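Residues in the sequence shown are numbered consecutively from 483, following my numbering. See structure below.
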Amino acid sequence: MACFLVPLGLGVILAIVKKLVKNISTKLDLLIKLLLGGSFILAIEHLWHGEIVPWPPFLTAMNNPAEIPVMINEMLINGTLMSITIISIWISTQIIKNYLIIKHQKTIKTSQVEL
């Protein structure tokens, strides 16, 4: 229903923070792209299945007040889990990247010593 709103909101907040704080690392670019890109794809999927409509209130779950708690529950559980998963994947890529950089720097240092 609206699970994509949580990573979308997080991506928008991070993009705003990145623009406001100039010295934030460019490493956030990948995280922002993952969050916004995944949210965009999910929004397309929800649009395809008729869960999003082009007229207010835009989410079909908002039409029936009985479905609003279900929608909020889905946002809290599924949206939060998706955001945590995306952030975990991003952290993993940063750890692997840093490991490879350090390994490459050690290789360069040892090859310079041998010359």
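Glycine included, C-beta positions come from ideal geometry on N, C-alpha and C. If you're wondering where the values come from, they're calculated on a predicted model, not measured in any experiment.
- Annotated three-state conformation of Ile526 is helix, per DSSP.
- A direct Cα-to-Cα measurement between Lys591 and Ile584 gives close to 11 Å.
- Using a C-beta cut-off of 8 Å, the segment 488-497 makes contact with the segment 557-564, since at least three inter-stretch Cβ pairs fall below that distance.
- A residue is called buried when at least 16 other Cβ atoms come within 10 angstroms of its Cβ; Leu524 meets this threshold and is buried.
- DSSP, reduced to helix, strand and coil, places Ile506 outside both helices and strands of the structure shown, so it counts as coil.
- Partner residues in the beta bridge of Ile534, as assigned by DSSP, are Leu541.
- Cβ-Cβ distances below 8 Å link Leu492 to Leu517, Ser565 in the same chain, with the five nearest sequence neighbours on each side left out; the list follows chain order.
- With fewer than 16 other CB atoms across the displayed protein chains lying within 10 angstroms of its CB, Ser574 is exposed.
- If you draw a straight line from the Cα of Met483 to the Cα of Gly520, it comes to about 15 Å.
- Straight-line spacing of the CA atoms in His531 and Leu541 works out to 12 Å.
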